[in-house]
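Counting in this note's numbering, the sequence shown runs from -6 upward without gaps. For every residue, glycine included, the Cβ atom is placed at its ideal position computed from N, Cα and C.
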Amino acid sequence: MTRKIVQQYKAYRDDIRDLQTRRPLPGPQLEQLEQLDPFLFLNHHGPQVYAPDNLGLPFGPHPHRGFETVTFILRGELAHSDTGGHESIIGPGGVQWMTAGSGLIHSELSPESFKRNGGELEILQLWVNLPSRLKMTAPGYVGLQAYEIPQISLSKGQGTINLISGSIAGVTGPIDSLTGVTMMTVQMTAGSEVTLPAPVARQVFLYTVKGRLMIDNTEALAWHLIEMDNSEDRVTLTAKDDATFLFGHADKINEPVVSHGPFVMNTTQEINQAILDYQAGKFDVKL
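Here it is as structure tokens:
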């Protein structure tokens, strides 16, 4: 038996400058951030090809407080720097996991070599909420290259699980999530099948990056966020095409969510304080 599809939310187009962007969460059909608690937001940038002498990514210095960002570099490169003193350039297949916590200012830009030479680019960024007890935790950052992420091969070489956090099949991902989030990307060839653990008490997150999947005789469409029921503790997916998807699960937080731009807190008063702290330069000091 497998979990079933409750609803599918198409990623709507919302380009940022010349960056092709699709966003399933939040969206016209899924506006309340807490509906997929604790998953708040997902941007899918690309896939596209940048010409030489391009402007690169547009995400200059900006603040965050109260949650975590998980960035998946599927194609291309991403340069990260923040006021915690963290810097890295992560290449294809790599991941950046940033805990904004009490407050960070960071930049996510294209390296100079990419702006000079151009190339393929495809990036996912997921925001994961933190409970009130952790919203003011110390900020942190981990950047992982593809070779640092365990790969679990599907049977007959028909695909790969790239395990970022959590455990599966006796393998544990390199990120020790503050809230026990399990997260992975999965590539499958057409006709292949995989069964993934999805504990009934936890919220499943499934986004189809490429291709179509069958789940309990229902087709999951490409570029859709798939909401699952909690009837079973596993989900079985069959690839109708060569497919890539983002999959994870986490405990629900079940707390009020108040957001304002780059801040996600529990109350309006906390949002107002975040704005005041940012304006006062309290996010600018290296930790």
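Asked, Found
"Between the segment 203 to 214 and the segment 130 to 146, are three or more C-beta pairs nearer than 8 Å?", "no"
"With H, G and I counted as helix, E and B as strand and the rest as coil, what does DSSP make of T178?", "strand"
"Pick from L119, I142 and K275: whose alpha carbon is nearest that of G241?", "L119"
"Pull up the CB-CB distance for V174 and A93, whole angstroms please, since I reckon it's below 8 Å.", "Actually they do not touch by this definition, with Cβ atoms about 15 Å apart."
"Measuring straight from C-alpha to C-alpha, what distance separates H57 and L97?", "6 Å"
"Is it buried or exposed for I(-2), if we count other Cβ within 10 angstroms and need 16 for buried?", "buried"
"Just the Cα atoms here: how many angstroms apart are Q180 and P249?", "35 Å"
"For A139, does the three-state DSSP call read helix, strand or coil?", "helix"
"Per DSSP, which one or two residues make a beta bridge with S160?", "T165"
"Measuring only the C-alpha atoms, how far is W216 from H37?", "9 Å"
"Am I right that I142 and N155 are in contact with their C-beta atoms under 8 Å? What's the rounded C-beta distance?", "5 Å"
"To which residues of the same chain is L137 closer than 8 Å at the C-beta, ignoring the five residues directly before and after it?", "I83, G87, V88, Q89, W90, I157, P167 and I168"
"Taking S74 as the reference, give the member of P104, D46 and G49 with the closest Cα.", "P104"
"Quick one: Cα of E225 to Cα of T261, how far?", "37 Å"
"Span of the beta strand (DSSP E) holding K108?", "Not the beta strand (DSSP E): K108 falls in the alpha helix (DSSP H), residues E105 to N110."
"Report the residue ranges of all beta strand (DSSP E) runs contained in full by the segment 22 to 72; include only those spanning at least 3 residues, in chain order.", "32 to 43, 52 to 57 and 60 to 68"
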